[in-house]
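One point on numbering: in the numbering used here, the residue at position 113 of the sequence shown is 803, and numbering is uninterrupted.
Think of the CB as a built atom: it goes at the ideal place given N, C-alpha and C, for glycine as much as any other residue.
Some notes on the structure that comes next.
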Amino acid sequence: MKRLKIHDVETFVDAIQDEISRNPEGRYYHRLHVTLHALKTGDFYEAARIYDHSPHSIYNWVHRLTTHGLAGLQEGKRRGRPRGLSTSQEQKLCKNLLLSPRKFGYDQNIWDGPLLSYHLQKKYSVHLRVRQCQNILHRLGFTLQRPRRQAAEADPEEQERFKKN
């Protein structure tokens, strides 16, 4: 058979790996192939080298296969810290953020991390730190924009003359 020449192999490899990792079913079939290879050859290290995984991961997959059957290779629930706000609370918060903080009795004109943290504690009884609140603002599509300070007695014409010199 004639040898096939493929240009830009890395791009195809990356695209296939992205497609496999994108959905749980792809990851399940990938684990099936890797464990099948490891079982056929009896060598976890070779399978790890070929499929670019750690031998320990492959060992774990084979162990889960032998103890739980094929269901052991399926994607389980991923652990992690639960969200601080429920979906309905987040939707209400998004509507609140469209309003000025002054409408809620605060002395600021813009929302920022510390103010949002205080607001969540007061309104929703949810304690989140400033950085978490900044992440919420970002996730909801808000950006922190501070107004440019300008001295009250500044003369715009004098400033332009100064810039030119």
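Between Leu827 and His817, the C-beta spacing is not below 9 Å. The criterion of a C-beta distance shorter than 9 Å is satisfied by Leu763 and Arg721. Contact check between the region 708-720 and the region 756-772: three or more CB pairs, one atom from each, fall below 8 Å, which counts as touching. The three-state secondary structure of Phe832, taken from DSSP, is coil. With fewer than 16 other CB atoms across the displayed protein chains lying within 10 angstroms of its CB, Ala841 is exposed.
By the neighbour-count definition (other C-beta atoms within 10 Å, threshold 16), Thr701 is an exposed residue. Rounded to whole angstroms, the Cβ separation of Gln824 and Gly803 is 4 Å, and the two are in contact under 8 Å. Shown here for Tyr814: same chain residues with a beta carbon closer than 6 Å to its own, the five before and five after excluded, namely Gln779 in chain order. Taking all protein chains shown into account, Ser807 has 16 or more neighbouring C-beta atoms within 10 Å of its C-beta and is therefore buried. Pairing Val724 with Ala737 gives a Cβ-Cβ distance under 9 Å. Per DSSP, the continuous alpha helix (DSSP H) segment holding Lys813 begins and ends at Gly803 to Tyr814. With a threshold of 16 other beta carbon atoms within 10 Å, Ile740 falls short and is exposed. Looking at Gln822, Ala728 and Phe734, the one whose alpha-carbon comes closest to that of Arg771 is Gln822. Shortest Cα-Cα distance from Pro791 to any of Trp801, His727 and Tyr735 involves Trp801. Judged by DSSP in its simplified three-state form, Lys853 adopts helix. For His720, the enclosing alpha helix (DSSP H) begins and ends at Pro714 to Thr731.
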